[in-house]
Structures are given as C-alpha cells and as structure tokens.
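All remarks here apply to the structure that follows.
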Amino acid sequence: MTAIRPAATLALVRDSDRGLEVLLLQRTWRAAFLPGYYVFPGGAVDPRDPDVRACARGRDDAAISQTLSLDEGGADYMIAALRECLEEAGLLLAVDGQGQPLPGEHPILTEGREALRCEEVSFQALCERHGLALPLDRLAYMGRWVTPRGAPRRFDTRFFVALAPPGQQASHDGSETIAHAWLTPAEALGAHRHGRLSLGYPTLRTLRLLADFTTAEALLRHAHANPPTPRPSRPWPARKAGGAWQVEPDSPAYAEVCRLDPHRQGTASAEIVPGRAVTLAPGVTRVTAPNPGVMTGPGTNSYLLGDGQDHLVIDPGPENPDHLERLLALAGGRLSRVLVTHTHIDHSPGAAWLKARTGARLVGLPPPAGASQDATFAPDHRPRHGERLETPAGPLRVLHTPGHASNHLCYLLEPARLLFSGDQVMQGSTVVINPPDGDMAAYLASLHALGEVSFDAIAPGHGFLIGEAHAALDFLITHRLAREHKVRRALARHGPASLEALTHHAYDDVPESRLGVAARSALAHLLKLEKEGRAEQRSGEWVSREG
Numbered sequence: 088m089t090a091i092r093p094a095a096t097l098a099l100v101r102d103s104d105r106g107l108e109v110l111l112l113q114r115t116w117r118a119a120f121l122p123g124y125y126v127f128p129g130g131a132v133d134p135r136d137p138d139v140r141a142c143a144r145g146r147d148d149a150a151i152s153q154t155l156s157l158d159e160g161g162a163d164y165m166i167a168a169l170r171e172c173l174e175e176a177g178l179l180l181a182v183d184g185q186g187q188p189l190p191g192e193h194p195i196l197t198e199g200r201e202a203l204r205c206e207e208v209s210f211q212a213l214c215e216r217h218g219l220a221l222p223l224d225r226l227a228y229m230g231r232w233v234t235p236r237g238a239p240r241r242f243d244t245r246f247f248v249a250l251a252p253p254g255q256q257a258s259h260d261g262s263e264t265i266a267h268a269w270l271t272p273a274e275a276l277g278a279h280r281h282g283r284l285s286l287g288y289p290t291l292r293t294l295r296l297l298a299d300f301t302t303a304e305a306l307l308r309h310a311h312a313n314p315p316t317p318r319p320s321r322p323w324p325a326r327k328a329g330g331a332w333q334v335e336p337d338s339p340a341y342a343e344v345c346r347l348d349p350h351r352q353g354t355a356s357a358e359i360v361p362g363r364a365v366t367l368a369p370g371v372t373r374v375t376a377p378n379p380g381v382m383t384g385p386g387t388n389s390y391l392l393g394d395g396q397d398h399l400v401i402d403p404g405p406e407n408p409d410h411l412e413r414l415l416a417l418a419g420g421r422l423s424r425v426l427v428t429h430t431h432i433d434h435s436p437g438a439a440w441l442k443a444r445t446g447a448r449l450v451g452l453p454p455p456a457g458a459s460q461d462a463t464f465a466p467d468h469r470p471r472h473g474e475r476l477e478t479p480a481g482p483l484r485v486l487h488t489p490g491h492a493s494n495h496l497c498y499l500l501e502p503a504r505l506l507f508s509g510d511q512v513m514q515g516s517t518v519v520i521n522p523p524d525g526d527m528a529a530y531l532a533s534l535h536a537l538g539e540v541s542f543d544a545i546a547p548g549h550g551f552l553i554g555e556a557h558a559a560l561d562f563l564i565t566h567r568l569a570r571e572h573k574v575r576r577a578l579a580r581h582g583p584a585s586l587e588a589l590t591h592h593a594y595d596d597v598p599e600s601r602l603g604v605a606a607r608s609a610l611a612h613l614l615k616l617e618k619e620g621r622a623e624q625r626s627g628e629w630v631s632r633e634g
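Going by this note's numbering, the letters in the sequence shown line up with residues 88 to 634, in that order.
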C-alpha cells in the first residue's frame, strides 16, 4: 500500500486594481505527477519541521492542531507551507526582531533561498541566523485533500491562505517551478476552462472558494473565522455479507454509507448485490443488474423513481428478464416511462422489453451506428438539453453530455441535488472513450459543463453513490489531461509511431491485458490532438506537430 505523506500548500493573495489576485506556479514538464500544471507553492512536511516551532509566533501547536482536527503537529504543516513558499516562489512570510516584515532585498530571499534549496542549511538554522520569527497566526486554514487511492504517490495535504508579504517579488525557482503568475481566481478558472491553464482538483476547489471574495481583507477575515468543518475520516459501521462491517474512508462504499446512515447505526450496505433494492433518496431506488464484469464493475445500475402511484426507470440495463421483472415488481407494475442515459448494450436493451410489457414511453436519444450500440432503442420522446421532465420524485433536468457516446444524457433530480450520470462519471475507474462515436474533446467539454451545474452527489451507471461530486469531475479532468500529456510526450519521443506502440508508452501503468481497451482511449486523445493541430497521421503512423 502506498504510504500517505503529510504536505501543505499556501495560497498567497494580494489586492490589485483588478481585484483579489493569487499566486500560481507552473510545475516543470519533467515532473512525474501533473507536469506543467499550475499550483500553489507547497510540498511535503519535512521531518525537521517540528524543530522550527522554536521560531514560530502567534499561535502554538496545540491551537493550530485543534483547528486542523489533529492531536498534534498542526504547526508543522504551516511551517512546511512557509518553507516551500520560500524555496519555490522566493517569498517568505516572516518578521524580524522588531516585528517588521522582510524587505524585498533581504538576503534570506536570495542566497538563503538557494542554500535551503541545495540543502546546505536547515530552515530552522536559516531563521535563527537572521533572527526571524514565523507569524503562524497570519495563515488561515482553507481545507484538506488526500490523494485518492491508486496514485503512485499519495499526500494528505492541508491548504492555507495568507496575505503576500509586501515589498517582496515572486520568482519561480527554474527547477521545480518554471513560471509564475498573479491572477484573479476568475481569470485562472476561465483559463482552465478554455484549456490555457492546467489546474488540478485541489487547486480548482481553492480557487472557487477565493472567487467569492473581492478583497484580501474580506477573504482572510472569513477564513480565520470559519475554518473548514472536518469531513468524516474514521471507519463507518455498515453491513456486508450478512454481518457487521467497518468501511474505511477511501473505500468505494464510504460516501454512500455515510449518506444513507448519518447516525452510524450500521444499517447501510457496504456491498452491491444484484437485485437488492437500495433507497438512495425520497422516491429513488437503485437496483443493480446481474451483469458484473471488467467494463461494468458490479453491474449496471437501474434507478427507479416513483411515489407508489407512478414510476419511471433510468437505464433498465440489459434485457435480463429477472432484473426487469424485479423493477416491475418494485413499481407495482405501474411504469409510465423508461429513460436511458445512452444506448450502449449494457444500459438500454431492457427498454424495449419494458415497453412491450407496460406500454411505457421511451425517453432518450436514438442510437448512433456501431456494434456496441443498442439498435432496438426507438425513443418516443427525444429530450432537449436543459428540458425538465416532471417525475413523481420531482423535476428531472436533462443534460446532454456527449463524449463517451454522442447521444449520452445525464439527468439531474433537482430536489435531491442528485445527478444520474450514466457512464459520464463511473465510480472507481475512468470510462473508455471509443472513436468514432466516442470523442475525447467532447467528453472533456461535457465534464467542464457539468462542473458549472449545482448538485451534491452522483448516482453512476456502475458502482456506489459518489460524494463530493464536483471533486470527482475535477479529478477526472485532471486525470484525462495528465494522460494526454503522456500521449504527447510518447509522440514527441517515439514518433512516428503506430497507435499500438504509442499506447505501450503512454499507458505503461496499465496491465497488458487492458492495453487493447486503452488503445481506444489513446486514439481518442490522438484525434483530439489532431483537431488541435498538435498531431497528425501519416501512412498509418502518428507524428507530433509540436515544437
């Protein structure tokens, strides 16, 4: 199991004639993780950081640890954030012996910074040499992000915000960071939205928080007075295999059991069992089809929305009579509509069967050509993007989200703030984008568009409920763009090359047995790059057009 290292980042803000600005640094393109991405200064907590508490002022470790919901060591996160900010950005929030901020020409910002980067001196020794104190009370806690399971390196990162030290000039170090920029949060988010700036989820989340404020004073006053509420981080009691079970925080079932059993009674199930009815929200029941597999996870989720008098189904799944009879039994035979998110063969073939039994109207978009499509699906109603469908569980907004499939729809149950995502967002894995109907550029655009919609949780086509819904979207975008970078790097280093050869290089972390499937997504990335003028195909091989 990959060890999780403590880390910290610091969002430095300042006022300008354009409003509140924040400092972002661009990571080197040689970085193993998120190359070229813009981030806040930060890094791992050093084993020597506790020694630097002797130089800290304003708040002691006990008070800071309480704010961070730690037993001890909270001050070390703040110290790490300040140290990394000096190394990476050439800025240090510190005061001299008279309590004055450091001027821009202070030697610790130049030769002291270089000595620290080269590990010629410790941060503590550097502060003591210059008689400096670190005013930890000027840092406000903004949140926490733990790298999801499966990443090659995992961090438990605490995010802080502080006013940039006046009179000092930011400068990237030319090694770990290769550029820097002062941007308003709106500018940064807009540049990310249009592909001009790569931002990962934790940075995006923090920028969205900063965007609510017009001045540094208002932001810091709010941040100091309103530290984030700790999220559950302890095992949650549940049921599994007929007995009591403890669900760990990074388990796929964790968000669902917390949501369905907020009082920790141990009543929610930590496993998905085909045919079992699970009530997710008022009037919303999930029943999973018995079609588990590599591409379908525990099976296709069908969602029944109803009030006892009328019901509709979202994604009836494959034409499996036992599964479809189970849906009908739960609906008491009263089924007026069948909605599909898209017409892949694991999602929609049951629709025609249900219509034949009940006369239910079919809602969705017609199937495009392709062997993986359900050619039997013939919709009675083709909903428009943004259309609202009245249901027994409340208004259901239709969202056209092409990419995985050109006819893909998501449905947002507005009263429950619950998104039925089909295969747009899958739990625990990324969906295959399979050209020609699958389109990577369209898929990323759809993820961005969903990020502008308000909802709290995602009910995916496969797997448990997904909490922190927008985090899931941002993480998918980050993952796809990071993979695109690997495709571009493989193309630059090994092109001209065949799709198969490029897939081996760009998906070197994927098991050999999955490379055939990975090649379809690799092709989708290459076709996106081709549309952007950054790659082209010549005589069956791909060539980079960059640089």
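Even for Gly, the Cβ is constructed at its ideal location relative to N, Cα and C.
Distances from the CA of residue 90 to each of 131, 280, 211 and 163 were compared; the closest alpha carbon is that of 131. In the structure shown, the three-state DSSP call for residue 301 is coil.
Three or more Cβ pairs closer than 8 Å define a contact, and the stretch 511-529 falls short of that threshold against the stretch 302-310.
When DSSP reads this structure, residue 93 sits in a beta bridge with 243. CA-to-CA, the gap between residue 300 and residue 314 works out to about 16 Å. With respect to residue 125, residue 111 sits close: the two C-beta atoms are nearer than 7 Å. Of the other Cβ atoms in all chains shown, fewer than 16 fall within 10 Å of the Cβ of residue 120; this residue is therefore exposed. In the three-state reduction of the DSSP assignment, residue 621 falls in the coil class, being assigned neither a helical nor a strand state.
Taking all protein chains shown into account, residue 251 has 16 or more neighbouring C-beta atoms within 10 Å of its C-beta and is therefore buried. Across the set 338, 574 and 175, the C-alpha of 175 shows the shortest separation from the C-alpha of residue 266. For residue 499, the secondary structure class from DSSP, reduced to helix, strand or coil, is strand. Residue pairing by DSSP puts residue 327 in a beta bridge opposite 330.
Cβ atoms of residue 542 and residue 556 come within 8 Å of each other, at about 6 Å.
Taking residue 200 as the centre and dropping the five residues before and after it, the same chain places the C-beta of 173, 174 and 177 closer than 7 Å to its C-beta, in chain order.
No residue range can be given for residue 513, since it is assigned to no alpha helix (DSSP H) and is classified by DSSP as neither H nor E.
The Cβ neighbour count for residue 234, taken over all protein chains shown within 10 Å, is at least 16; the residue is labelled buried.
With contacts defined as CB atoms closer than 7 Å, residue 571 and residue 535 fail to qualify as a contacting pair.
DSSP places residue 371 in the strand class (E or B) of the three-state scheme. Considering only 626, 502, 493 and 503, the residue with the shortest C-alpha distance to residue 509 is 493.
Taking 7 Å as the cut-off, the Cβ atoms of residue 211 and residue 148 do not count as close. Per the coordinates, the alpha-carbon of residue 561 lies some 45 Å from the alpha-carbon of residue 185.
Beyond the five residues adjoining it in sequence on each side, residue 587 comes within less than 7 Å, by CB distance, of 606 in the same chain, given in chain order. Here residue 205 is exposed. Its C-beta has fewer than 16 other C-beta atoms within 10 Å. For residue 400, the enclosing beta strand (DSSP E) covers residues 398-401. When only Cα atoms are considered, residue 249 and residue 222 end up about 11 Å apart. The three-state reading of DSSP puts residue 485 in strand, counting E and B together. Residue environment analysis places residue 198 among the exposed positions, since fewer than 16 neighbouring C-beta atoms fall within 10 angstroms of its C-beta.
Taking the C-beta atoms as reference points, residue 374 is found no nearer than 7 Å to residue 321. Between residue 208 and the set 533, 386 and 136, the nearest pair of CA atoms involves 136. Contact fails between the stretch 254-269 and the stretch 345-363, because fewer than three Cβ pairs, one in each stretch, are under 8 Å apart. For residue 151, there is no enclosing beta strand (DSSP E); the residue is part of the alpha helix (DSSP H) that begins and ends at 148-154. With contacts defined by Cβ atoms closer than 7 Å, residue 433 and residue 383 form a contacting pair. Between residue 404 and residue 398, the gap from beta carbon to beta carbon reaches 7 Å or more. Residue pairing for residue 230: DSSP places it in a beta bridge opposite 246. Between the stretch 424-443 and the stretch 462-476, the count of C-beta pairs closer than 8 Å reaches three or more; the two stretches touch. For residue 362 and residue 388, the gap between their C-alpha atoms comes out near 10 Å.
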